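Undergrad: As numbered in full-length UniProt numbering, residues 1 to 349 make up the sequence shown, in order.
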Amino acid sequence: PRRTVEAQYESLKNEIDSLKSSLTVAEKTVTEKLILSVQAKKQQFDKEFLHCSNWISGKSESLPRIQLTISDSEDLSLIDQQVKCLADLCCEIDQWQSTVENVKQLGRDLTEQSGQLDARPVSQQNVQELVTSLAIRYDYLKADAAQNLATGKRYFSQKYVTACRDFERRRRHICEWIEGTLSKIGDLSYQFEDRRLDAIENSMAEDGERWLNSALKAGTRIPARLQSTSGVEPHPEIQRQLEELMDHWDVLNSAVNQVRANAQAEQPSQQSDDTAMSRKFLQCAHVPDRELPRHSEDAIKCLLVCEVLVGLKWTCNDINDEIDLSMVQGRAAILFTRVGIPQHRWRRR
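1. Excluding the 5 residues flanking I16 on each side, which residues of the same chain have their C-beta closer than 8 Å to its C-beta?
2. Excluding the 5 residues preceding and the 5 following L182 in the sequence, name in chain order all residues of the same chain whose CB lies nearer than 8 Å to its CB.
3. When the Cα atoms are used, what is the spatial distance from F49 to A150?
4. Measure the beta-carbon distance from Q128 to T111 and round it to whole angstroms, keeping in mind my assumption that it falls under 8 Å.
5. With DSSP run on the structure shown, which of helix, strand or coil describes E74?
6. How big is the Cα-Cα spacing for L12 and E6?
7. Using 8 Å as the threshold, is the region 157-176 in touch with the region 132-141, meaning 3 or more CB pairs across them?
8. Rounded to a whole number of angstroms, what is the C-alpha to C-alpha distance between S53 and N126?
9. Mapping the DSSP letters down to three states, classify N320 as helix, strand or coil.
10. Determine the burial state of C91: buried for a count of at least 16 other Cβ atoms within 10 Å of its Cβ, exposed for fewer.
11. Check each candidate in C85, M246, S98 and F156 and name the one with the smallest Cα separation from R65.
12. Here's the rule: buried if 16 or more other CB atoms are within 10 angstroms of the residue's CB, otherwise exposed. What is D72?
13. Could you work out which residue in D88, V131 and K20 is closest to F45 when comparing CA atoms only?
14. Ignoring anything shorter than 4 residues, give me the alpha helix (DSSP H) runs that lie fully in the region 200-268, in order along the chain.
15. Looking only at its chain, what residues have a beta carbon closer than 7 Å to the beta carbon of Q227, apart from the 5 residues adjacent to it on each side?
16. How long is the line joining the alpha carbons of S133 and Q113, rounded to whole angstroms?
17. Can you tell me whether Q96 is helix, strand or coil according to DSSP?
18. Leaving out five residues on either side along the sequence, give the residues of the same chain with a beta carbon under 8 Å from the beta carbon of P223.
19. For D324, does the count of other Cβ atoms within 10 angstroms reach 16, so buried, or fall short, so exposed?
20. Is it right to say L242 is buried, meaning 16 or more other beta carbons lie within 10 angstroms of its own, or is it exposed?
21. Short check: CB of T218 to CB of A163, under 8 Å?
22. Do the CB positions of A145 and I93 come within less than 8 Å of each other?
23. Rounded to the nearest angstrom, what separates R171 and F156 at their Cα positions?
24. Residues in the same chain with beta-carbon distance under 8 Å from L245, minus the five sequence neighbours each way, listed in chain order, please.
25. Quick one: using the 10 Å Cβ neighbour count with 16 as the cut-off for buried, is N148 buried or exposed?
26. Please go through the same chain and pick out, in chain order, the residues whose beta-carbon is closer than 6 Å to the beta-carbon of M204, but skip the five residues on each side of it.
27. Select from R221, N257 and D166 the residue whose C-alpha is nearest the C-alpha of L197.
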């Protein structure tokens, strides 16, 4: 029996040693696998962390540029576009939250697995600091983008409203000026005066075109369609009002051209009337018939000046031999002398 017991003891001891050896191998294998797992997870963590960190850095750098473009620009379309960029960025940041949470979870898993090893290949403190830093940067980026978006919307809204008011003010001014000028042109249709038409044309060239271009510039800088969701209602009448403004200006130009054309068409008839008037006037002044052609043009000038001086409306029917010219002879004497007609030729006998 003793030999049997010793044999059994040796057999049991061998089995225990074999089991210990197997356990040692198993422990080593598990440790090696855990180390490999930690290393693999560390590589994944580093990759995801770097990708997320670089993305946050890039977006953090783009925010000041967008905000600077908005604050420095007077182009409403560009401001609207940049506000839309901010809105898109805020949506993108929200979508990246799951990526940031994934990196944070990888960091926690890595810290937990690394803590199971006696010889820790990864610094738990370093991983925790990286995760905390990433979370803080992401939260700051999210808050900063939201604040910039709110500021951009408010700034664009103020600019848009101001631009619309400025356009409306300029549009009304030029429209009222065009209406007033058309009224003056209408008066010329009944009583044409070349100097008044010249004054209208000069005013159109000097003031009208400047006011028109100013209104058109103010209107064209207002975008009819908005890209951003800034809460601003787009001005639906901008394009129509710009077209109407150009139509009004074309009507004004056409009216001026028509009056000028009518005046030129009537000029030969007017010249004939002026010649008859001057002849009658010279006859009243007792200018000999043989000298009428030489003094006819001068007499026309005198007639026009005398009309202004005494406030009379001379017409061909008004002038006849019975008219008393004493009221204009004093002034006409100076005028005739200047044009070279001797006093004894025109003075009444």
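By construction, the Cβ of each residue, glycine as well, lies at the ideal position given by its N, Cα and C atoms.
From a predicted model like this one, the values you see are computed outputs, not experimental measurements.
TA: The answer reads as follows:
1. Residue 16 sits at position 16 when you count from the first residue of the sequence shown. Answer for I16: no residue qualifies.
2. Looking up residue 182 in the sequence shown gives position 182. Only V251, L252 and A255 meet the Cβ criterion.
3. Mapped onto the sequence shown, residue 49 falls at position 49. Mapped onto the sequence shown, residue 150 falls at position 150. If you take the alpha carbons of F49 and A150, they lie about 30 Å apart.
4. For the purposes of this step, residue 128 is taken as the residue at position 128 of the sequence shown. For the purposes of this step, residue 111 is taken as the residue at position 111 of the sequence shown. Confirmed, Cβ separation roughly 6 Å.
5. Within the sequence shown, residue 74 is the residue found at index 74, counting from 1. Three-state result, E74: coil.
6. Locating residue 12 in the sequence shown gives position 12, counting from the first residue. Locating residue 6 in the sequence shown gives position 6, counting from the first residue. One C-alpha to the other measures close to 10 Å.
7. no
8. If you number the sequence shown from 1, residue 53 lands on position 53. If you number the sequence shown from 1, residue 126 lands on position 126. Roughly 15 Å separates the two Cα atoms.
9. As a first step, residue 320 is located in the sequence shown; it is residue number 320 there, counting from the start. Confidence in N320 is poor, its pLDDT being 43 and thus under 50, which makes the residue's placement too unreliable to answer from.
10. Residue mapping note: residue 91 aligns to position 91 of the sequence shown, counting from 1. With fewer than 16 other Cβ atoms within 10 Å, it is exposed.
11. Numbered from its first residue, the sequence shown carries residue 65 at position 65. Of the listed residues, the one whose Cα sits closest to R65 is C85.
12. To locate residue 72, count along the sequence shown from 1; it is residue 72. D72 should be labelled exposed.
13. Here residue 45 refers to the residue found at position 45 when the sequence shown is read from its first residue. Ranking D88, V131 and K20 by Cα distance to F45 puts V131 first.
14. 209-220
15. Reading the sequence shown from its first residue, position 227 is the one you call residue 227. So the qualifying residues of the chain are D80, Q81 and K84.
16. The residue you call residue 133 lines up with position 133 of the sequence shown. The residue you call residue 113 lines up with position 113 of the sequence shown. When rounded, the distance between both Cα atoms is 21 Å.
17. Locating residue 96 in the sequence shown gives position 96, where the first residue counts as 1. According to the sequence provided, residue 96 is Trp. The question's Gln does not apply to it. Residue state, collapsed to three classes: coil.
18. Here the question's residue 223 lines up with position 223 in the sequence shown. These residues qualify, in order along the chain: L76, S77, D80 and P234.
19. Residue mapping note: residue 324 aligns to position 324 of the sequence shown, counting from 1. In this prediction, D324 scores a pLDDT of 46, lower than 50, which makes its location untrustworthy; the coordinate-derived value is nonetheless stated afterwards. When all chains shown are included, D324 counts as exposed.
20. Within the sequence shown, residue 242 is the residue found at index 242, counting from 1. Label assigned to L242: buried.
21. For this step, residue 218 is matched to residue 218 along the sequence shown. For this step, residue 163 is matched to residue 163 along the sequence shown. First, the residue type needs correcting, since residue 218 is Ala and not Thr in the sequence shown. Result yes, Cβ atoms of A218 and A163 sit closer than 8 Å.
22. Residue mapping note: residue 145 aligns to position 145 of the sequence shown, counting from 1. Residue mapping note: residue 93 aligns to position 93 of the sequence shown, counting from 1. Result yes, Cβ atoms of A145 and I93 sit closer than 8 Å.
23. Working through the sequence shown from its first residue, we reach residue 171 at position 171. Working through the sequence shown from its first residue, we reach residue 156 at position 156. Going from the Cα of R171 to the Cα of F156 covers about 22 Å.
24. The count along the sequence shown starts at 1 and reaches residue 245 at position 245. Answer for L245: R171, I174, C175, L212, A215, L216 and G219, listed in chain order.
25. Here residue 148 is taken as the residue at index 148 of the sequence shown, counted from 1. Buried.
26. Here residue 204 is taken as the residue at index 204 of the sequence shown, counted from 1. No residues qualify anywhere along the chain.
27. Taking the sequence shown and counting its residues from 1, one reaches residue 197 at position 197. Checked all of R221, N257 and D166; the closest Cα to L197 is N257.
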